[in-house]
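If you read the sequences in order, they're chains P and H.
Residue 45 is where the first sequence starts when you use the numbering used here, and the numbers rise one by one after that.
Residue 45 is where the second sequence starts when you use the numbering used here, and the numbers rise one by one after that.
Here is the structure we will look at.
Protein chains: 2
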Amino acid sequence: MNAAVERLVAGVRAGDVPSVARAMTLVENREHVAAEILHALWPSTGRAWRIGVTGPPGAGKSTLAAALISSFRKAGKTVGVVAVDPTSPFTGGALLGDRVRMGVAHGDAGVFIRSMASRGDLGGLSAAAQEACDVLDAAGKDVVLVETVGVGQTEIEVIDAADTVVVVLHPEAGDAVQAMKAGLMEIADVFALNKADRPGADRLEQEILLSLGLRAHDATTWIPPVVRVVATTGEGVEALVAELDKHRADLETRGRLDERRMKRVEQRIRLLVETDLREKLFRLPEARNRLDRLVLEVRSGRTTPYTAARRILDGTTP
Amino acid sequence: MNAAVERLVAGVRAGDVPSVARAMTLVENREHVAAEILHALWPSTGRAWRIGVTGPPGAGKSTLAAALISSFRKAGKTVGVVAVDPTSPFTGGALLGDRVRMGVAHGDAGVFIRSMASRGDLGGLSAAAQEACDVLDAAGKDVVLVETVGVGQTEIEVIDAADTVVVVLHPEAGDAVQAMKAGLMEIADVFALNKADRPGADRLEQEILLSLGLRAHDATTWIPPVVRVVATTGEGVEALVAELDKHRADLETRGRLDERRMKRVEQRIRLLVETDLREKLFRLPEARNRLDRLVLEVRSGRTTPYTAARRILDGTTP
Numbered sequence: 045m046n047a048a049v050e051r052l053v054a055g056v057r058a059g060d061v062p063s064v065a066r067a068m069t070l071v072e073n074r075e076h077v078a079a080e081i082l083h084a085l086w087p088s089t090g091r092a093w094r095i096g097v098t099g100p101p102g103a104g105k106s107t108l109a110a111a112l113i114s115s116f117r118k119a120g121k122t123v124g125v126v127a128v129d130p131t132s133p134f135t136g137g138a139l140l141g142d143r144v145r146m147g148v149a150h151g152d153a154g155v156f157i158r159s160m161a162s163r164g165d166l167g168g169l170s171a172a173a174q175e176a177c178d179v180l181d182a183a184g185k186d187v188v189l190v191e192t193v194g195v196g197q198t199e200i201e202v203i204d205a206a207d208t209v210v211v212v213l214h215p216e217a218g219d220a221v222q223a224m225k226a227g228l229m230e231i232a233d234v235f236a237l238n239k240a241d242r243p244g245a246d247r248l249e250q251e252i253l254l255s256l257g258l259r260a261h262d263a264t265t266w267i268p269p270v271v272r273v274v275a276t277t278g279e280g281v282e283a284l285v286a287e288l289d290k291h292r293a294d295l296e297t298r299g300r301l302d303e304r305r306m307k308r309v310e311q312r313i314r315l316l317v318e319t320d321l322r323e324k325l326f327r328l329p330e331a332r333n334r335l336d337r338l339v340l341e342v343r344s345g346r347t348t349p350y351t352a353a354r355r356i357l358d359g360t361t362p
Numbered sequence: 045m046n047a048a049v050e051r052l053v054a055g056v057r058a059g060d061v062p063s064v065a066r067a068m069t070l071v072e073n074r075e076h077v078a079a080e081i082l083h084a085l086w087p088s089t090g091r092a093w094r095i096g097v098t099g100p101p102g103a104g105k106s107t108l109a110a111a112l113i114s115s116f117r118k119a120g121k122t123v124g125v126v127a128v129d130p131t132s133p134f135t136g137g138a139l140l141g142d143r144v145r146m147g148v149a150h151g152d153a154g155v156f157i158r159s160m161a162s163r164g165d166l167g168g169l170s171a172a173a174q175e176a177c178d179v180l181d182a183a184g185k186d187v188v189l190v191e192t193v194g195v196g197q198t199e200i201e202v203i204d205a206a207d208t209v210v211v212v213l214h215p216e217a218g219d220a221v222q223a224m225k226a227g228l229m230e231i232a233d234v235f236a237l238n239k240a241d242r243p244g245a246d247r248l249e250q251e252i253l254l255s256l257g258l259r260a261h262d263a264t265t266w267i268p269p270v271v272r273v274v275a276t277t278g279e280g281v282e283a284l285v286a287e288l289d290k291h292r293a294d295l296e297t298r299g300r301l302d303e304r305r306m307k308r309v310e311q312r313i314r315l316l317v318e319t320d321l322r323e324k325l326f327r328l329p330e331a332r333n334r335l336d337r338l339v340l341e342v343r344s345g346r347t348t349p350y351t352a353a354r355r356i357l358d359g360t361t362p
């Protein structure tokens, strides 16, 4: 490890804000040195409570995240936030609209917020988001909150790596059905029924409870509670935090925290292996040229994608 | 190729419905023999017009898909449909609610509809959906329509492989902003502004046009038209089909169809390579055991995910 990297790692460990910001930029840009930094930071991770906040578009995730941050701050906890936006090739970055609402915590040294956009790279977003959580964890944040729009496998993968998952739904547009379709009902540890003052809140609550009834469980299973909140006014947020605390306690007493973290480690190893192979097989100049040649062969009818893939895997096409 | 596979391939090519259904089941279940079948069918693909239909949850995609099917059928075209639902581990399959609305085409031998659910496998859904389109293409369908909920990278990947992409939006819940965030505005060839009889339709149209104004283009660039429809009554559907036809003609006259299909071939080769490697590195019994051992080593603090990944890549951990 060279001196600059060593200094950066020490800075992150000490919670130095510029070091944390710099490390996260390296991680987000998938710089090679990032792996070295993350490897060095790894032993300092594992202390933070990672909370995932997800839900369909428009459910009020960012507003609720801001309310949660305020609540944790009042309780004296430091907070790190990673907000993930799906790919947007032509904006070339995260759309900042929603993020602004998080501005509630702006200027508070106990909160570090990072907005991330994917570089259009399947897998890259998931890896970068989780590694950004590692940086915040190693920097000593008590709580690391990760927020994503909850539709799509990549996004669910990011959230699934959290210790506690909050699924935010709102009483409009058949949210419960959409959430079921998106696989959100299965990953929820706590439901936040946002905009609970609007018509349809009772019906949504019934739908959530109904879908939970379909879930297999025994006496030791954690049953996700449904907490009604109005994120814009802060109503119900303390009750939500109380349920999050209960879930954390449940994880710790039953050894499930370790189980979740084993899963997280496995997922991380797989992501690292896949990212490296993708680079070697498709991105490096020689690999890129080979792929281009094979595409032309398939288009001209001389081979099929199945044979082309076999040739890459066998290394028979130089 | 054994005799059973040969018969199945011949059956698909002849458009025999049970053969098509059987081939799609093999593809969806990721059976090994599927690759052999798809390899054999490949030379028969490329004739169908692939139309992707996507949009945020609740925009009315399935209803619009049903209206499009009716229209194509009236024009004497045969139609294949692949409807993709995101992962739902506890339902173990696609939720059938929406699909039922497609029942309009039920019992018509000129239409083949297949609903697919992911097996919780990143990449697997995208591969299976596109291969299902290949089967329908090889079976001689004039139009292959693929429908997904349009949020998340995997879903966008599926849609992006189509020749013509219809993005369905409706005038509720800030659809345009959500669609931008999800990267949908960039992949749209035609916008269907559904539920155009509802309040807010004018505003949504303005928002779409505004976002299109941000897109780089020159005189030869296809500018996605916005077509107002009411999918439930069929209003505007003929105008939508007319715009789809124009887009197809544009693709063909400017060599862009070939460009799109080159991209599709490349994506397919990459998916095949990645799926195979995932199997070899993480799923086969020996690989699974190795991964489990490495996870334990990381959890016990003896190594980090970065070193573990390196060991898998170097093959130094047997």
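Built from N, CA and C at the ideal position, the CB exists for glycine as well.
Predicted model, so just to flag it, every value in this text is computed and none were measured.
**Asked** In the segment 73–84 of chain H, which residues sit with their C-beta less than 9 Å from some C-beta in chain P, listed in chain order?
**Response** Listed by position along the chain: Ala79, Glu80, Leu82, His83, Ala84.
**Asked** So, using beta-carbon positions, are H:Pro268 and H:Lys239 closer together than 9 Å?
**Response** Result no, Cβ atoms of H:Pro268 and H:Lys239 do not sit closer than 9 Å.
**Asked** Which term fits P:Pro62, buried or exposed, when burial requires 16 or more other beta carbons within 10 angstroms of its beta carbon?
**Response** When all chains shown are included, P:Pro62 counts as exposed.
**Prompt:** So, helix, strand or coil for P:Gly137, using DSSP?
**Reply:** Any reading at P:Gly137 must be qualified, since the residue scores a pLDDT of 36, below 50, and its modelled position is unreliable; the value itself is stated next. Here P:Gly137 sits in coil by DSSP.
**Request:** Could you work out which residues of chain H lie near P:Pro87, taking near to mean beta carbons separated by less than 8 Å?
**Result:** Gly345, Thr348
**Asked** Say the cut is 8 Å; is the CB of H:Arg57 nearer than that to a heavy atom of the ligand GDP?
**Response** Here there are no bound small molecules, and the ligand GDP is not part of this structure.
**Request:** Taking only the alpha-carbon atoms, compute the straight-line gap between P:Arg57 and P:His83 and give it to the nearest angstrom.
**Result:** 13 Å
**chain P contact residues for H:Val179, given Cβ-Cβ distances below 7 Å** = What H:Val179 touches in chain P: nothing, since even the nearest Cβ is about 14 Å away.
**Asked** When the cut-off is 9 Å and only beta carbons count, does P:Phe235 lie next to chain H?
**Response** no
**Chain-ordered chain P contacts of H:Ala352 [CB-CB under 7 Å]** = Ile313
**Message:** Is there a C-beta anywhere in chain H that falls below 9 Å from the one on P:Glu216?
**Reply:** yes
**Request:** For H:Thr131, name the three-state secondary structure that DSSP assigns.
**Result:** Per-residue confidence for H:Thr131 stands at a pLDDT of 40, beneath the threshold of 50, marking its modelled position as unreliable; the derived number appears in the next sentence. Coil.
**Request:** Examine the Cβ distances between the segment 201–211 of chain P and the segment 91–108 of chain P and report whether three or more of them are shorter than 8 Å.
**Result:** yes
**Prompt:** Since H:Thr98 is in the beta strand (DSSP E), which residue starts that stretch and which ends it?
**Reply:** 93–98
**Request:** Mind listing the chain P neighbours of H:Asp262? Cutoff is C-beta to C-beta under 7 Å, in chain order.
**Result:** Neighbours of H:Asp262 on chain P: none; closest Cβ ~15 Å, over 7 Å.
**Prompt:** With C-beta atoms as the reference, is H:Val193 less than 9 Å away from H:Cys177?
**Reply:** no
**Asked** My guess is that P:Lys290 and P:Glu191 are in contact by the Cβ rule of under 8 Å, so how many angstroms apart are they, rounded?
**Response** Rounded, the Cβ-Cβ distance is 21 Å, inconsistent with contact.
**Message:** Counting only Cβ pairs nearer than 7 Å, list the residues of chain H close to P:Val128.
**Reply:** Near P:Val128 there are no residues of chain H at all, since even the closest Cβ is about 11 Å away, more than 7 Å.
**N-terminal and C-terminal residue of the beta strand (DSSP E) that P:Phe235 is part of** = 234–237
**Asked** Going along chain H in order, which residues have a C-beta closer than 8 Å to the C-beta of P:Glu338?
**Response** Note that residue 338 of chain P corresponds to Leu in the displayed sequence, not to Glu. By Cβ distance, chain H contributes Ile313.
**Message:** If you reduce the DSSP assignment to three classes, tell me which class P:Glu341 lands in.
**Reply:** helix
**Request:** Check each candidate in P:Arg91, P:Leu301, P:Arg355, P:Ser344 and name the one with the smallest Cα separation from H:Pro87.
**Result:** P:Ser344
**Prompt:** Do the segment 302–318 of chain P and the segment 267–281 of chain P touch if we need at least three Cβ pairs shorter than 8 Å?
**Reply:** Segments in contact, no.
**Message:** Starting from H:Thr107, trace the alpha helix (DSSP H) in both directions and tell me its first and last residue.
**Reply:** 105–118
**Asked** Which stretch, first to last residue, makes up the alpha helix (DSSP H) that contains H:Arg304?
**Response** 300–322
**Candidates P:Ile313, P:Arg355, P:Thr348: closest to H:Leu335 by CA position** = P:Ile313
**Message:** Once the 5 residues before and after H:Glu201 are set aside, which same chain residues still bring their CB inside 8 Å of it?
**Reply:** Ser170, Gln311
**Request:** For P:Arg40, name the three-state secondary structure that DSSP assigns.
**Result:** Since the first residue of chain P shown is 45 and the last is 362, residue 40 of chain P is not available in this structure.
**Asked** Between the Cα of P:Val49 and the Cα atoms of P:Ala78, P:Asn73, P:Glu72, which residue gives the shortest distance?
**Response** P:Ala78
**Contacts that P:Leu108 makes with chain A (C-beta to C-beta distance below 7 Å)** = Among the chains of the structure shown, chain A does not appear; the protein chains present are P and H.
**Prompt:** P:Glu251 CB to nearest chain H CB: under 9 Å?
**Reply:** no
**Prompt:** Exposed or buried, P:Leu254, counting other C-beta atoms within 10 Å across all chains shown (16 or more means buried)?
**Reply:** exposed
**Buried versus exposed call for P:Glu72 [16 or more other C-beta atoms within 10 Å across all chains shown]** = buried
**Under 9 Å from the C-beta of H:Arg305: neighbouring residues of chain P** = Arg343
**Item:** Reduced DSSP category for H:Arg332 - H, G, I as helix; E, B as strand; rest coil
**Value:** helix
**Straight-line Cα distance separating H:Met68 from H:Pro329** = When rounded, the distance between both Cα atoms is 27 Å.
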